[in-house]
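What follows is a short report on a single structure.
Numbering (the working numbering), first residue to last: 9 to 280.
Structural data, given as structure tokens:
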């Protein structure tokens, strides 16, 4: 995988992004959520000004971020290691405007919430989420339990402080549910893998959805240090460049946009 060093936003842009997102990041309570503008630009293809305009919208989301954090604290997850790029997800959905978004892995719903907020702002699109929740055994998270376990009495997406008609939440094994989704959906414009992090599961999900990926679809996968070469193998088959978010193991690639057909020749050579 090649680091995302082909797009350098420059120090002034980085500072502008940091200033625009500081309040939302503090409200969410996760210092890792600082926007990586280089990664965002590389995968979205958007201009700096378009990205800044979308990030300006985060100011209006501060009350939502505060409520997500409050719910995490109430659920015993004050230091919960949830998805580290929620604001980039929001920006991707706003900038690319996918009609159908698929994610595997929900847990408390940080990624789900931010994609739903963007879809609602777009006034178009649906998020199809698949989750097979792990249940916390007791009143407090045990030392041998995963932090993604669902607290007692709660359900997948338990930190999402709103419900949206754009959310198609499916409870089940992604090995079963993702092929079902692929059969049902006309297209997929954005996919995020963040569930069972094995090479076999990531490869299965990518293979099932590949026929439905739109030209220019964005494909993301988290925790790829656990999934071997599954993502890079997929990117190679679709001839896409892989961009890593900083030094993390969250990566993405963008499928090629379809070229417009050339007009038929009419008595003379077609210009190159």
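Cβ atoms here follow ideal geometry from the backbone N, Cα and C, with glycine treated the same way.
{"Asked": "CA-to-CA distance, residue 224 to residue 272, given in whole angstroms", "Found": "Unreliable positioning characterises residue 272 in this predicted model, as indicated by a pLDDT of 45, which lies under 50. A coordinate reading is not provided."}
{"Asked": "Whole-angstrom distance between residue 163 and residue 2, CA atom to CA atom", "Found": "Because the chain is modelled from 9 through 280, residue 2 falls outside the range shown and cannot be assessed."}
{"Asked": "Simplified DSSP state of residue 65, which is helix, strand or coil", "Found": "helix"}
{"Asked": "Buried versus exposed call for residue 266 [16 or more other C-beta atoms within 10 Å across all chains shown]", "Found": "exposed"}
{"Asked": "Reference residue 84; option with closest CA among 148, 152, 259", "Found": "148"}
{"Asked": "Assumed close pair residue 66, residue 28 - CB separation to whole angstroms, cut-off 8 Å", "Found": "7 Å"}
{"Asked": "Backbone CA spacing between residue 188 and residue 216 [nearest angstrom]", "Found": "9 Å"}
{"Asked": "Distance CB(residue 80)-CB(residue 167) smaller than 8 Å", "Found": "yes"}
{"Asked": "Coil, strand or helix - residue 237 by DSSP", "Found": "coil"}
{"Asked": "Between the CA atoms of residue 90 and residue 115 - distance to the nearest angstrom", "Found": "9 Å"}
{"Asked": "Sequence-distant residues of the same chain with beta carbon closer than 6 Å to residue 200, five excluded per side", "Found": "111, 228"}
{"Asked": "Proximity below 8 Å, CB of residue 70 to CB of residue 126", "Found": "no"}
{"Asked": "The region 174-183 touching the region 150-160, judged by at least three CB pairs closer than 8 Å", "Found": "no"}
{"Asked": "Beta-carbon proximity list for residue 24, same chain, < 8 Å, skipping 5 on both sides", "Found": "60"}
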